[in-house]
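Down below is the structure, laid out as structure tokens.
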Amino acid sequence: MAAADLRDIYKNYIACLNARDWARLGEFVSDDAVHNGRPLGVSGYRAMLEKDFDDIPDLRFNIELLAADPPFIASRLSFSCSPKGKFMGLDVNGRKVSFCENVFYEFRDGRIIEVWSVIDKSVIEAQL
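When the letters of the sequence shown are read in order and numbered with the UniProt record's numbering, they come out as residues 1 to 128.
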């Protein structure tokens, strides 16, 4: 798969998340998907995302940086949102916080098979 095609798939995946179009999630996420070492499959991945959106009603994924080296994508996602209660063990309680997540994805057959994700918690702590 060409890097440009993989970037397009990824951008459509992010649009799917932001639209909360869970019925289409399987187009982008493999049945064997793993997130940070945890096997989730599509159903577990969806449950994780639904919980994120429930905990953070104004959650929106914004691509800040994007690099593709098939079958991998590296992305820096930025967020400005108001988690309802605790977030990453921190008492945010509805306050607006801004932070980034650095994520690496491996794709197989055009779908995400593995995700490695790190959120910059220290930036959130500094805002509280």
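Backbone N, C-alpha and C fix where the C-beta goes; we use that ideal spot for every residue, glycine too.
Where residue i falls: helix, strand or coil (DSSP)
i	result
A2	coil
A23	helix
L90	strand
Per-residue burial, residue i [other beta carbons within 10 Å of its own, 16 or more giving buried]
i	result
A33	buried
I63	exposed
S98	exposed
S30	buried
P83	buried
Beta-carbon proximity check, residue i vs residue j, cutoff 8 Å
i	j	result
I119	E101	yes
L6	F107	yes
W22	R38	no
C-alpha gap between residue i and residue j, whole angstroms
i	j	result
V115	A2	20 Å
N93	F87	8 Å
L25	Y13	8 Å
Option in the options with minimal Cα separation from residue i
i	options	result
L59	L65, L66, A67, L49	L49
K51	I124, K121, L90, R20	R20
E27	E125, G110, K121	G110
A126	N18, K96, D8	K96
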